[in-house]
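Beneath this line is the structure, given in structure tokens, with notes to follow.
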Amino acid sequence: MADTIAIAAALELVREGRGFDAHELLEDLWRAAPPAERDLYQGLVHVAVATYQESRGNEVGRTRQLEKALRRLTPYAPAYEGVEIAALLAWCRASLADGRCPPLPGLLAALERHEVTLAVADVGLARPRDLLLGVVQHLLPLRDPAGQAPEGEEDREVVGRIAHRLVDQPE
638 MADTIAIAAA LELVREGRGF DAHELLEDLW RAAPPAERDL YQGLVHVAVA
688 TYQESRGNEV GRTRQLEKAL RRLTPYAPAY EGVEIAALLA WCRASLADGR
738 CPPLPGLLAA LERHEVTLAV ADVGLARPRD LLLGVVQHLL PLRDPAGQAP
788 EGEEDREVVG RIAHRLVDQP E
């Protein structure tokens, strides 16, 4: 089962211009994924790296990464476990045609419209406030007893922004 919460966090990193950080997160997911999902994660890695290469002015690198993303992600179209693969493929094609990467669209429409129930800590979550609570309680480690922020504090902020965006949407 795809880790849609981590995918959402990685896509948010891409939207923020942090393609390299998104690549690191997705690479960890790819390595741990079952064989049937490895190409999904590897395709998402290519998307993240394409934006990173673009930020470095590497047009050849951007183009190659987008072409690899198309090859890896196509078998998962039109959607895979709530991830809008068809929209991502269209974004890759538009990026190739335009010679630049436009802003990444929302690709987790089912999550954003609250039409799926998420399983976090074996609890069904159907409402955005439940999602926020589940993310905070289950995915984000609390500060240690000395009051120091745990490693990965920055990632906590990204997940928090995603959860707040969901909560702030009208029901």
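Numbered per our numbering, the sequence shown spans residues 638 to 808. Just so it is clear, CB atoms sit at the ideal spot from N, CA and C, and this is done for glycine as well. Since this is a predicted model, take the numbers as computed values, not measurements.
From the DSSP output, which residues share a beta bridge with V720? Y717
Are the Cβ atoms of T711 and V651 separated by less than 8 angstroms? no
Would you identify the three-state DSSP class for C738, choosing helix, strand or coil? coil
Reducing DSSP to helix, strand and coil, say where G680 ends up. helix
Please state if the CB of L663 and the CB of A685 are separated by a distance shorter than 8 angstroms. yes
With burial defined as no fewer than 16 other Cβ atoms inside 10 Å of the residue's Cβ, what is the status of A669: buried or exposed? exposed
With distances taken from CA atoms, which of T641, A706, A646 is nearest L681? A706
Residue from T641, R699, P672, A639 whose Cα sits closest to the Cα of G656: R699
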